[in-house]
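Report on the structure given below.
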Amino acid sequence: MTPILLLIVVAALIVVIAVIAMYNGLQRRRIAAEGSFADIDVELRRRHDLIPNLVETVKGYAAHEKETLTAVMQARAAATQARTLNERVETEGALTRSLGRLMAVAEAYPNLKADGGFMKLQGELAETENRISGKRQGFNQTVASYNEAIAVFPSNIVAGIFGMKVLGFFKEDDEVARAAPQVRF
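Heads up: the sequence shown begins at 12 in my numbering, then just goes up one per residue.
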């Protein structure tokens with residue numbers, strides 16, 4: 012074998028090994044992001060289970076708030092039917108916003124706020140939302156790592172060849188929900 016041919020074979024081997032290493036690294040990051048979302052998914056399923064009970068409790072006190080109650084149940088249905096990671100993130104954000112509107116409706120009914128069952132459900136939901144929030148931070152960190160890896164050279168070439176797509180962050184899109192609360196004395 013001639014030295015030039017040997018050099019070409021060695022160079023090709025190095026390129027193949029580098030592509031394999033980059034591909035495996037990208038796959039590990041994608042799997043980590045999906046695993047991180049699976050941690051959130053446990054809490055999301057718990058939230059999905061609490062919502063019908065919460066809606067039924069509110070319905071007993073605020074029957075004329077049908078539009079809000081319907082919106083919550085439609086958002087829940089969309090969230091449970093979403094298949095891809097990006098769809099799940101989007102539909103869960105919509106569900107969070109509709110739950111916020113439901114809680115705002117509940118504020119208008121003092122008897123509802125005093126109902127023990129409602130208070131228990133509201134407490135469980137708040138606890139679940141806090142756990143989701145904590146797990147969402149870890150998910151967003153793993154997504155950021157993955158998205159960065161598929162955006163930077165040379166792994167972006169490997170990502171493009173294998174059709175790897177950017178993953179969406181699990182964030183609150185509603186400007187009102189992200190705004191800092193106003194405190195007045």
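Where is the CB? At the ideal position from N, CA and C, for every residue including glycine.
Taking just the CA atoms, how far does residue j sit from residue i?
| i | j | result |
| --- | --- | --- |
| Met12 | Val20 | 10 Å |
| Leu17 | Arg142 | 57 Å |
| Thr153 | Ser47 | 7 Å |
| Ser206 | Ala86 | For residue 206 there is no data in the structure shown, the boundaries of the chain being 12 and 196. |
| Lys77 | Asn35 | 50 Å |
| Arg39 | Val163 | 16 Å |
| Asn151 | Val30 | 26 Å |
Report the option in the options whose CA atom is closest to the CA atom of residue i.
| i | options | result |
| --- | --- | --- |
| Lys70 | Leu113, Thr107, Asp52, Gly104 | Leu113 |
| Lys176 | Phe164, Pro165, Ser166, Asn158 | Asn158 |
| Thr68 | Ala125, Glu98, Ala162 | Ala125 |
| His75 | Gln85, Tyr120, Gln133, Ile42 | Tyr120 |
| Ile172 | Glu140, Gln133, Met33 | Met33 |
| Phe156 | Val26, Val83, Arg41, Ser144 | The sequence given here places Ser at residue 156; Phe does not occur at that position. For the residues Val26, Val83, Arg41, Ser144, the minimum Cα distance to Ser156 belongs to Arg41. |
| Thr107 | Ala90, Lys77, Phe150 | Ala90 |
| Gln133 | Arg58, Gln92, Ile15 | Arg58 |
| Gly149 | Ala23, Phe180, Glu78, Arg39 | Phe180 |
| Val53 | Asn35, Gly145, Gly111 | Gly145 |
Contact check, residue i vs residue j under 8 Å by CB: the rounded distance?
| i | j | result |
| --- | --- | --- |
| Leu37 | Ile161 | 6 Å |
| Ala93 | Arg99 | 5 Å |
| Leu178 | Leu96 | 6 Å |
| Val83 | Ile62 | 6 Å |
| Leu123 | Ala117 | 5 Å |
| Leu55 | Glu103 | 6 Å |
I'd like the list of long-range same chain contacts for residue i, defined as Cβ closer than 6 Å, with 5 residues on each side in sequence excluded.
| i | result |
| --- | --- |
| Leu65 | Leu132 |
For the alpha helix (DSSP H) that contains residue i, what are its first and last residues?
| i | result |
| --- | --- |
| Tyr4 | As displayed, the chain neither begins before 12 nor continues past 196, which places residue 4 out of reach and without an answer. |
| Gly71 | 14-72 |
| Lys131 | 127-162 |
Keeping to the same chain, check which residues put their C-beta closer than 7 Å to that of residue i; ignore five residues upstream and five downstream.
| i | result |
| --- | --- |
| Ala170 | Leu37, Ile161 |
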